[in-house]
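Asks: Numbering-wise (numbering that gives the first Met the number 0), the sequence shown opens with residue 0 and increments by one. Backbone N, C-alpha and C fix where the C-beta goes; we use that ideal spot for every residue, glycine too.
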Amino acid sequence: MSKNFSPSRQLAQALLLVASVAACQAHATKAAPTTAAQPKLVVVLVVDGLPQDQVTRYRDQFGQGGFRRLLEQGAWFSDAHQAHGITVTAIGHSAVLSGAYPYQHGVIGNNWIDPVTKKSVYCTEDGNFHYIGEDTQPDDGTAPTKLRVSTLGDELRYSTGDKAKVVTVSGKDRGAILLAGKTGTAYMYMEKTGNFASSTYYMQQHPQWVQRYQAARPQDRYYGKSWTPLLADSAYARDARDDLVPAKPGARNTFPFAYYSDSGKLDGEYYSRLKAGPFLDELTLEFARAAIDGESLGRNPAGVPDILGVSLSAHDYVNHAYGPESKMSHDHLQRLDRMLAGFFADLDKKVGMDNVLVVLTADHGFANVPEFAETRGFSAKRIDGAKLVDALNQHLATTLGVDKLVTTSSLPNIYLDYALAEKSSVNRAALEDAAARFLLQQDGLAQVYTRTQMETGAVATRMDTLMRRAWNRQLSGDLMVVTKPAWYFGKGVGGTSHGTPYTYDTNVPLMVFGPRWIKPGAYGQYAEVVDIAPTLAHLLRIRQPSASEGRILTEAVR
0 MSKNFSPSRQ LAQALLLVAS VAACQAHATK AAPTTAAQPK LVVVLVVDGL PQDQVTRYRD
60 QFGQGGFRRL LEQGAWFSDA HQAHGITVTA IGHSAVLSGA YPYQHGVIGN NWIDPVTKKS
120 VYCTEDGNFH YIGEDTQPDD GTAPTKLRVS TLGDELRYST GDKAKVVTVS GKDRGAILLA
180 GKTGTAYMYM EKTGNFASST YYMQQHPQWV QRYQAARPQD RYYGKSWTPL LADSAYARDA
240 RDDLVPAKPG ARNTFPFAYY SDSGKLDGEY YSRLKAGPFL DELTLEFARA AIDGESLGRN
300 PAGVPDILGV SLSAHDYVNH AYGPESKMSH DHLQRLDRML AGFFADLDKK VGMDNVLVVL
360 TADHGFANVP EFAETRGFSA KRIDGAKLVD ALNQHLATTL GVDKLVTTSS LPNIYLDYAL
420 AEKSSVNRAA LEDAAARFLL QQDGLAQVYT RTQMETGAVA TRMDTLMRRA WNRQLSGDLM
480 VVTKPAWYFG KGVGGTSHGT PYTYDTNVPL MVFGPRWIKP GAYGQYAEVV DIAPTLAHLL
540 RIRQPSASEG RILTEAVR
């Protein structure tokens, strides 16, 4: 017998080995949900036109189950940006699940100039398709044809052999279509009827659950109702005075806002009025609930994850009309907070929030109403784009001796006639230089980028980077103009807009909730909306979208 052999020691070692194996198995079992399990449902919420500033400014008034749940139990990135220079709805929604910038994904605005026809085109129009059971105009959004890249939903569908379901809904066609990608299914609000409908790009007829939803006509219940403040008057003490926003003809600029039609009937005027207020978002979330039930989202029989995209459009309409500093915008955000709380509660009942990964972001922020900005000592005005382009054409004719060297515009893009210039012995550099010099002398303009600058790719400042990302070689203008801070392109009086590379337009919320996959916390690291797609792809264990340039938000991933 070996002198090192001891039955008691051997037994002790065996027991220690068993205990060690058991501990490892227990640890593996405990760790498995965060390292192996995929979410059953990914919910992507885009609040149209929500600046980060509004989330922080009104945070103390939120309830427990909506924004506060995401802020306190999820990962919140305070320095998150739509990091391209033209901050509008179509571009912002394209970025969310493609992870790509406009120079690649090809959606360079809500509208732009077609390089062949020289006519204005809409980002999601396609005359080959029409709405199902609804009137369709030539420039209505019906298909993702102009989106040149894949999205997260496309990659999830590809990886699961098309078994995963990707369903999106929005108050705007572009909000739904550009989230759905090429292979998802989009539903959008029809302002003539108040229905949510899809197009023949996706299907020839609606499934039964959509038909049942439409037959119930929930949109009609708001007729004759009013939007009044949710909170006590003292809660709005930080907001701008109502009289700073001039009322447009035939419209109000103070509470209450009634929803009706002049005809006294349920018609397009009434359904269109519903867009600027909380009832459109209520309907959108109600349709999203119907989609969860009708498509069994999060309970896919194939055992694969699904994606639900919800773009909430009303905040954009409210901010355009009254400004992000207004009582109306403030109240709408509080109402949206309560709506989200109810939606999350229903998700918990139907799918279980421990099976759901939620992302909330925005497509762009907002500038303050110029009248409000001026009361705070800032230079702020609206620029009439048509007058600006006419003046540029006249200047070029006078200085270069050639008429109509500007062919058209879709601001901030301006298109030059290089062929006419060459025919008239005006070289390209001289044309661009003369145009840029004139524009930089105009009130409210801060920067002009020429096609030559964009093609050479020179980048010196952050603004240069953002504008370069927004410029597509085949589609964008020969000049891109940037307004001064607090200025924007618009006519008339009242309201405000967005679209610049300034932080009030780029800094948007980015919140990710899913305790099994996400480490809660307030993160100060710089982040971009294009980071959403690669982060979700990582957690879903699928290929990243084809033109994704974002990073995985590893600091917040378990």
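1) Determine whether the beta carbon atoms of D402 and A396 lie at a separation below 8 angstroms.
2) Starting from E527, follow its DSSP beta bridges and name the residues at the other end.
3) What residues in its chain sit with their C-beta under 6 angstroms from that of K326, if we drop five residues either side in the sequence?
4) Would you mind reading off the limits of the alpha helix (DSSP H) that contains F128?
5) Cα separation between Q524 and S77?
6) So, under 8 angstroms CB-CB, F377 and A445 are touching, yes? Tell me the CB distance rounded to an integer number of Å.
7) Buried or exposed, going by whether 16 or more other CB atoms sit within 10 Å of the CB of K386?
8) If distances are taken between C-alpha atoms only, which option among V357, L230, D52, I291 comes closest to L535?
9) To which residues of the same chain is Q63 closer than 8 angstroms at the C-beta, ignoring the five residues directly before and after it?
10) Tell me the DSSP secondary structure of S19 in three-state form.
11) Here's the rule I'm using: 16 or more other beta-carbon atoms within 10 Å means buried, otherwise exposed. How should L439 be labelled?
12) Just confirm the distance between the C-beta atoms of S169 and A532, as a whole number of angstroms; I'd bet it's less than 8 angstroms.
13) For G293, collect the residues of the same chain with a Cβ closer than 6 angstroms to its Cβ; drop the 5 residues on either side in sequence, then sort them by chain order.
14) In angstroms, rounded to a whole number, what distance separates the CA positions of S119 and V87?
15) Using CA coordinates, which residue listed in L509, L552, Q51, Y522 is at the minimum distance from H329?
16) Leaving out the 5 sequence neighbours to the left and right, which residues in its chain are closer than 6 angstroms to G193 when beta-carbon positions are compared?
17) Provide the residue span of the beta strand (DSSP E) that contains F512, from first to last.
18) Anyone know if the C-beta pair for P255 and S233 falls short of 8 angstroms?
19) In its own chain, which residues sit with a C-beta less than 8 angstroms from the C-beta of G520, not counting the 5 before and 5 after it?
20) Identify the residues that DSSP records as bridge partners of L478: which are they?
21) Considering only residues of the region 152 to 212, which uninterrupted alpha helix (DSSP H) runs meet the minimum length of 4 residues and lie entirely inside it, listed in chain order?
22) How big is the Cα-Cα spacing for H129 and T374?
23) Looking only at C-alpha atoms, which of Q81, E527, M466 sits nearest to R450?
24) Skipping 5 residues on each side, what residues in its chain have a beta carbon closer than 6 angstroms to that of M510?
25) Since I believe G302 is in contact with V350 (beta carbons under 8 angstroms), could you give me their beta-carbon distance rounded to a whole number of angstroms?
26) By how many angstroms is the C-alpha of A434 removed from the C-alpha of F286?
27) Could you tell me the alpha carbon to alpha carbon distance between G443 and F371, rounded to whole angstroms?
28) What first and last residue would you give for the beta strand (DSSP E) that runs through A521?
29) Any idea if L230 is buried or exposed, counting beta-carbon neighbours within 10 angstroms, 16 or more meaning buried?
30) On the three-state DSSP scale, how would you describe N471?
31) When the Cα of L474 is compared with those of V244, E454, G491, T460, which residue comes out closest?
32) Contact between the region 270 to 279 and the region 313 to 326 is defined here as three or more beta-carbon pairs at a separation below 8 angstroms; is this criterion met?
33) Taking the beta carbon of V528 as the centre, do at least 16 other beta carbons fall within 10 Å, making it buried, or is it exposed?
34) Could you compute how far the alpha carbon of R240 sits from the alpha carbon of A320?
35) Checking 8 angstroms against the spacing of the C-beta atoms, do P500 and G84 come in under that value?
36) With C-beta atoms as the reference, is D362 less than 8 angstroms away from D47?
Replies: According to the structure data:
1) yes
2) H80
3) Y235, D238
4) Note, F128: premise wrong, no alpha helix (DSSP H); not H, not E.
5) 8 angstroms
6) Incorrect: roughly 14 angstroms between the Cβ atoms, too far for contact.
7) exposed
8) V357
9) A340
10) Because S19 sits at a pLDDT of 41, beneath the cut-off of 50, its placement in the model cannot be relied upon, and the point is left open.
11) exposed
12) Incorrect: roughly 18 angstroms between the Cβ atoms, too far for contact.
13) W208
14) 16 angstroms
15) Q51
16) Q218, Y270
17) 509 to 512
18) no
19) A74, W75, A555
20) I413, T449
21) 172 to 179
22) 47 angstroms
23) M466
24) L69, G73, W75, L359
25) The pair is not a contact, with the Cβ atoms about 14 angstroms apart (cut-off 8 angstroms).
26) 49 angstroms
27) 17 angstroms
28) 520 to 522
29) exposed
30) coil
31) E454
32) yes
33) buried
34) 14 angstroms
35) yes
36) yes
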